[in-house]
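Asks: Residue numbers (my numbering): 27 to 588.
Cβ coordinates follow ideal geometry from the N, Cα and C atoms, glycine included.
Quantities reported herein were computed from a predicted structural model and do not represent experimental measurements.
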Amino acid sequence: MGRQIIINSGIREKRAAVLEEGQIEDVFIEQDIYDQIAGNIYRGKVKDVLPGMQAAFIDIGIERNAFLHINDLYPLLDDEKRELWKNNKFAIQEILKPGQEIMVQIIKESIGSKGPKATCKVSIPGRYFVLMPFETRISISRKITDVQEREKLKAIANELTENQYGVIIRTNSAGKEKDELKKDLDYLIQIWKSVLNDYQGLKAPSLVYQHAGLIIQVVRDYISADIEKVVIDDEKEYEYIVNILEKLAPNLKNRVFLYEGDIPLFVNYNIEKELAKVLNRKVWLNSGGYIIIDKTEALVSIDVNTGKYTGKKNLQETVFRTNLEAAKEIARQLRIRDIGGIIIIDFIDMELKEHQDKVLEVLERELSKDKTRTALLGLTKLGLVEMTRKKVREGFSELIQKECPYCHGSGMVITESSMALKIIRDLTELIAREKFSAVLLEVHPRVAAVLIGAGGDKLKELEEELNLDIYISGNDELHIEEYNIINRGSKEELIKLALPVREGEEYELLIEDRQLNNPDFGVSRINGYIILIEGAGNKVGKILKVRITEISRTYARAEIIG
Numbered sequence: 027m028g029r030q031i032i033i034n035s036g037i038r039e040k041r042a043a044v045l046e047e048g049q050i051e052d053v054f055i056e057q058d059i060y061d062q063i064a065g066n067i068y069r070g071k072v073k074d075v076l077p078g079m080q081a082a083f084i085d086i087g088i089e090r091n092a093f094l095h096i097n098d099l100y101p102l103l104d105d106e107k108r109e110l111w112k113n114n115k116f117a118i119q120e121i122l123k124p125g126q127e128i129m130v131q132i133i134k135e136s137i138g139s140k141g142p143k144a145t146c147k148v149s150i151p152g153r154y155f156v157l158m159p160f161e162t163r164i165s166i167s168r169k170i171t172d173v174q175e176r177e178k179l180k181a182i183a184n185e186l187t188e189n190q191y192g193v194i195i196r197t198n199s200a201g202k203e204k205d206e207l208k209k210d211l212d213y214l215i216q217i218w219k220s221v222l223n224d225y226q227g228l229k230a231p232s233l234v235y236q237h238a239g240l241i242i243q244v245v246r247d248y249i250s251a252d253i254e255k256v257v258i259d260d261e262k263e264y265e266y267i268v269n270i271l272e273k274l275a276p277n278l279k280n281r282v283f284l285y286e287g288d289i290p291l292f293v294n295y296n297i298e299k300e301l302a303k304v305l306n307r308k309v310w311l312n313s314g315g316y317i318i319i320d321k322t323e324a325l326v327s328i329d330v331n332t333g334k335y336t337g338k339k340n341l342q343e344t345v346f347r348t349n350l351e352a353a354k355e356i357a358r359q360l361r362i363r364d365i366g367g368i369i370i371i372d373f374i375d376m377e378l379k380e381h382q383d384k385v386l387e388v389l390e391r392e393l394s395k396d397k398t399r400t401a402l403l404g405l406t407k408l409g410l411v412e413m414t415r416k417k418v419r420e421g422f423s424e425l426i427q428k429e430c431p432y433c434h435g436s437g438m439v440i441t442e443s444s445m446a447l448k449i450i451r452d453l454t455e456l457i458a459r460e461k462f463s464a465v466l467l468e469v470h471p472r473v474a475a476v477l478i479g480a481g482g483d484k485l486k487e488l489e490e491e492l493n494l495d496i497y498i499s500g501n502d503e504l505h506i507e508e509y510n511i512i513n514r515g516s517k518e519e520l521i522k523l524a525l526p527v528r529e530g531e532e533y534e535l536l537i538e539d540r541q542l543n544n545p546d547f548g549v550s551r552i553n554g555y556i557i558l559i560e561g562a563g564n565k566v567g568k569i570l571k572v573r574i575t576e577i578s579r580t581y582a583r584a585e586i587i588g
C-alpha cells in the first residue's frame with residue numbers, strides 16, 4: 027500500500043487526506059461556512075497609513091482590513107524608490123495615501139484577533155511553476171537536488187520567461203520537458219493577463235481573482251507519479267478531476283477511482299477516527315511513549331515522554347528510540363494539525379552527542395516532506411529544539427473548535443458549524459445502515475440555526491441531499507457538542523411527534539427571548555419547538571395568552587389574544 031489520496035466531497039464541506047501506507051500524512055478541509063481568502067487578489071483601498079509601524083491597513087471589502095507592511099510594497103516602487111527601499115531610507119507615507127487604490131494579494135488568513143496579511147508581491151501557483159509577474163528572478167525548489175536537472179530546468183525557465191516574468195520552479199517539474207512546462211506557464215500568464223484586465227474594470231474594494239479550491243489544489247500539488255490511487259466519493263468531482271488530469275497528466279487519470287460504497291468514505295478508510303484523535307493533547311507512539319502538544323498565545327510546545335515504553339537494553343537506548351519515533355510523529359502532527367509559528371520541542375534528555383545529532387537528522391528529514399515552509403533552528407542552551415513553521419491560516423483545531431463559552435477560555439468546544447457537520451456525517455452513516463424516511467433531532471439552538479440556515483434553505487438542501495425529512499427541536503439545556511436522535515421512522519409517524527401544536531390552538535406561554543432577526547417577535551418554546559409571537563418582542567419574561575396562526579417544520583407563528 028503506497029501513497030493514496032482520499033477525497034470526501036460532503037455536504038457543505040470537502041476534505042482530503044493523503045495516506046502513506048494507510049496512515050494519514052496530510053489533511054485538508056474546505057467548509058462553505060468559512061471563506062478562505064489566502065491567495066485571493068483584490069483591488070483594495072488604503073484605509074489608514076501607520077508611519078510608526080511602517081504599515082498600512084487596506085480595505086478589501088470584508089469585515090477586517092488587511093495589514094500591509096512596507097516590505098511588501100516593492101512592486102509599487104519606481105527604480106529610485108527601490109534603491110532607497112533596499113537601504114531602508116524611505117517611509118511608507120511617501121508611497122501610500124488614504125483613499126489610494128492598489129492591487130494586493132492575501133498571504134495569511136485572519137487568525138484570532140488579527141486581520142488578514144497582504145502583499146503587493148503577487149504570485150499565481152500552477153502545477154510546475156509559481157508565476158511572479160512583478161519580478162524577473164528564477165528560483166527552484168530545494169527538493170530538486172540533482173544538479174544537472176536543476177540546470178536544465180533553470181535554462182528552460184529562462185528561455186520561456188524571456189526576462190519578462192519571475193517564476194519559482196516547483197518540485198513537480200522534475201523530469202518534465204519544455205513543451206509540458208510551457209503549457210503550464212502559458213496558462214499562468216493567461217490568468218495574469220485576465221487579472222490585469224479585470225482589475226482595470228473594477229472599483230475598490232473588489233475581489234479580482236479567487237484562489238483555487240480544495241479539489242484543484244490537491245490535483246495541482248499532490249497528484250504525481252508516486253501516488254498509487256485517488257479515491258473520491260462524488261461522481262461530478264470525479265469527472266472533474268479526470269478532465270483536469272486529461273490536460274495536465276493524462277498518464278495518471280487511470281489512478282482516479284469513484285467510490286460508490288454505502289459506508290461513508292472516511293469511515294471506510296478509518297480516517298474519521300484518526301481525525302478525531304487530532305484534537306487530543308496526548309498522542310501515543312507505537313512503542314508506548316507519547317507526546318503532549320500544547321498551544322499558547324506565543325508558541326506551541328511539544329513534550330516527549332517514554333510513557334509505558336521501558337525498552338530492552340538500557341535507559342539511554344530507551345530514550346533514544348523514543349525520541350526517534352517522536353521526531354517522526356511530531357513532523358506528521360505538525361502537517362495534520364497545520365500548526366504554525368514558533369514551536370519548541372522538549373525531547374527526553376540524551377547524554378550522547380551522536381544520539382542528539384541522529385534525532386535532529388530524522389526530524390529534519392521528516393520536515394522536508396512538508397509543503398509548508400519550515401526552519402529547524404537547532405538546540406537551545408536548555409537542550410530544547412527550536413523551529414518555526416509558516417502560518418498561513420488557522421490550524422485544524424482552530425478550524426473546528428472555538429473558545430468554550432461554558433468555561434470562558436480554560437478549554438475548547440466544537441463550533442456550532444462543525445457540530446452541524448458532524449450531525450450531517452452521522453446521519454449519512456446511519457442511513458447507509460438503516461432504512462427510514464424521517465428523523466427527529468434534538469440539538470442546541472445555535473446548532474439548529476446552522477443546520478436550518480436563513481429561511482430554512484440549508485435544511486431544505488440537506489433533506490434533498492439525504493432524501494430524508496428532518497425535524498429539528500432546539501434545546502438550550504443541551505451542551506453544544508451533544509445532540510439526540512429522538513426518533514426515526516416514517517414521515518407519517520414523525521410529523522405527529524415533531525409538531526406539538528396545531529393551527530388555532532391557544533396557549534399561555536412565557537416569552538423567553540426576543541428574536542434576533544426581527545425584534546418585534548418574542549420567542550417561546552413548547553418541548554423545544556420554537557413559537558414566534560408577533561408583537562411580543564418587548565414582553566420578555568411575561569406570560570401571554572397566544573393563538574397559533576401558522577406552522578412550519580422548524581417553528582410556528584402565533585398572535586397575542588389576551
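#1: Quick one, are the C-beta atoms of leucine 186 and leucine 211 less than 7 Å apart?
#2: For the segment 27 to 40 against the segment 237 to 257, are there 3 or more C-beta pairs whose distance is under 8 Å?
#3: Between the segment 503 to 510 and the segment 542 to 549, do at least 3 Cβ pairs fall closer than 8 Å?
#4: Cβ of valine 268 within 7 Å of Cβ of valine 282?
#5: Alpha carbon to alpha carbon, how far is histidine 95 from aspartate 61? Give it in angstroms, no decimals.
#6: Does the Cβ of glutamine 131 have 16 or more other Cβ atoms within 10 Å, making it buried, or fewer, making it exposed?
#7: So isoleucine 297 is in the alpha helix (DSSP H); what residue range does that whole segment cover?
#8: When the Cβ atoms of the segment 187 to 206 are set against those of the segment 160 to 178, are three or more pairs found closer than 8 Å?
#9: I'd like to know if the segment 384 to 399 and the segment 351 to 359 are in contact, where contact means that at least 3 CB-CB pairs between them fall below 8 Å.
#10: Between which residues of its own chain and lysine 397 is the CB-CB distance below 7 Å, once the five residues before and five after are set aside?
#11: How many whole angstroms separate the CB atoms of glycine 314 and lysine 334, which I take to be in contact at a CB cut-off of 8 Å?
#12: For glycine 315 and chain C, any beta-carbon pair shorter than 7 Å?
#13: Less than 8 Å between the CB atoms is what I'm expecting for leucine 207 and isoleucine 182, so what's the real figure, rounded?
#14: Please name the residue or residues paired with aspartate 589 in a DSSP beta bridge.
#15: Can leucine 301 and aspartate 259 be called in contact, C-beta distance under 7 Å?
#16: In the DSSP assignment, the alpha helix (DSSP H) including methionine 79 goes from what residue to what residue?
#17: Within 10 Å of its beta-carbon, does isoleucine 362 have 16 or more other beta-carbons around it, so buried, or fewer, so exposed?
#18: Please give the ranges of any alpha helix (DSSP H) in the segment 207 to 286, keeping only runs that are unbroken, at least 4 residues long and fully inside the region.
#19: Please report the Cβ distance between valine 572 and isoleucine 586, rounded to the nearest whole angstrom; I am assuming they are in contact, meaning their Cβ atoms lie under 8 Å.
#20: Does the contact criterion of 3 or more C-beta pairs under 8 Å hold for the segment 192 to 201 versus the segment 220 to 235?
#21: Give me the Cα-Cα distance between asparagine 296 and glutamate 412, rounded to the nearest whole angstrom.
#22: If you drop the 5 nearest sequence neighbours on each side, which residues of the same chain put their C-beta closer than 7 Å to that of isoleucine 50?
#23: Given this structure, state the Cα-to-Cα distance separating asparagine 66 from glycine 239, to the nearest angstrom.
#24: Terminal residues of the continuous alpha helix (DSSP H) containing glutamate 387?
#25: Straight-line CA distance for tyrosine 497 to glutamate 489?
#26: How many angstroms separate the CA atom of isoleucine 478 from the CA atom of glutamate 487?
#27: Looking only at DSSP bridge pairs, what is asparagine 34 linked to?
#28: In whole angstroms, what is the alpha-carbon distance linking serine 136 and tyrosine 316?
#29: Are arginine 307 and isoleucine 289 touching if we call contact CB-CB under 7 Å?
#30: Could you check the C-alpha separation between leucine 592 and glutamate 377 for me, to the nearest Å?
#31: How big is the Cα-Cα spacing for cysteine 146 and tyrosine 68?
#32: Take valine 304 as the anchor and find which of Thr575, Val53, Ala582, Gly152 has the nearest alpha-carbon.
#33: How would you call alanine 357, buried or exposed, if buried means at least 16 neighbouring beta carbons within 10 angstroms?
#34: Which residue spans inside the segment 350 to 375 form an unbroken beta strand (DSSP E) run of at least 3?
#35: Just verifying my parser: in three-state terms, what is the DSSP assignment at alanine 464?
#36: Let me make sure I understand the geometry here. Which of Arg583, Glu529, Leu520 has the alpha-carbon closest to that of arginine 551?
Replies: So, to answer that:
#1: Yes, the Cβ-Cβ distance between leucine 186 and leucine 211 is below 7 Å.
#2: Contact between the segment 27 to 40 and the segment 237 to 257 is present, because at least three Cβ pairs lie under 8 Å.
#3: As far as the Cβ criterion goes, the segment 503 to 510 does not touch the segment 542 to 549, which means the pair count is below three.
#4: Remark: C-beta atoms of valine 268 and valine 282 approach each other more closely than 7 Å.
#5: Distance between the alpha carbons of aspartate 61 and histidine 95 is about 23 Å.
#6: Burial call: buried.
#7: Its alpha helix (DSSP H) spans residues 297 to 303.
#8: Judged by Cβ distances under 8 Å, the segment 187 to 206 makes contact with the segment 160 to 178, as three or more pairs qualify.
#9: Flag = yes, the segment 384 to 399 and the segment 351 to 359 touch.
#10: The residues are Asp247.
#11: About 3 Å separates the two Cβ atoms, so the contact holds.
#12: Protein chains in the displayed structure number just one, and chain C is not present.
#13: Sure, about 6 Å apart at Cβ, within 8 Å.
#14: The structure shown has nothing for residue 589, since the chain only spans 27 to 588.
#15: Annotated as distal: leucine 301 and aspartate 259, with beta-carbon spacing of 7 Å or more.
#16: Segment: none, methionine 79 is in no alpha helix (DSSP H) and carries neither H nor E.
#17: By the beta-carbon neighbour count (other beta carbons within 10 angstroms, threshold 16), isoleucine 362 is buried.
#18: The segment 207 to 286 contains these whole alpha helix (DSSP H) runs: 240 to 247, 261 to 274.
#19: The beta-carbon distance between valine 572 and isoleucine 586, rounded to whole angstroms, is 6 Å. This is short enough to meet the 8 Å contact definition.
#20: Contact fails: fewer than three Cβ-Cβ distances are below 8 Å.
#21: Spanning the two alpha carbons is a distance of roughly 33 Å.
#22: Ala43, Ile297, Glu300, Ile362, listed in sequence order.
#23: Between asparagine 66 and glycine 239, the C-alpha separation is close to 11 Å.
#24: In the DSSP assignment, glutamate 387 falls within the alpha helix (DSSP H) that extends over 379 to 393.
#25: C-alpha separation (whole angstroms): 10 Å.
#26: Looking at the two C-alpha atoms, the distance is approximately 9 Å.
#27: DSSP, once it has assigned bridges, lists Arg41 as partnering asparagine 34.
#28: Answer to the nearest angstrom: the Cα atoms are 32 Å apart.
#29: Contact flag unset, no.
#30: Only positions 27 to 588 of the chain appear in the structure, and residue 592 is not among them; the question remains open.
#31: The alpha-carbon atoms of cysteine 146 and tyrosine 68 are separated by roughly 10 Å.
#32: Closest by alpha carbon: Val53.
#33: The residue is buried, with at least 16 neighbouring Cβ atoms inside 10 Å.
#34: Unbroken beta strand (DSSP E) runs of no fewer than 3 residues, entirely contained in the segment 350 to 375, are found at 367 to 372, following chain order.
#35: It is a strand residue.
#36: When each option's Cα is compared against that of arginine 551, the closest is Arg583.
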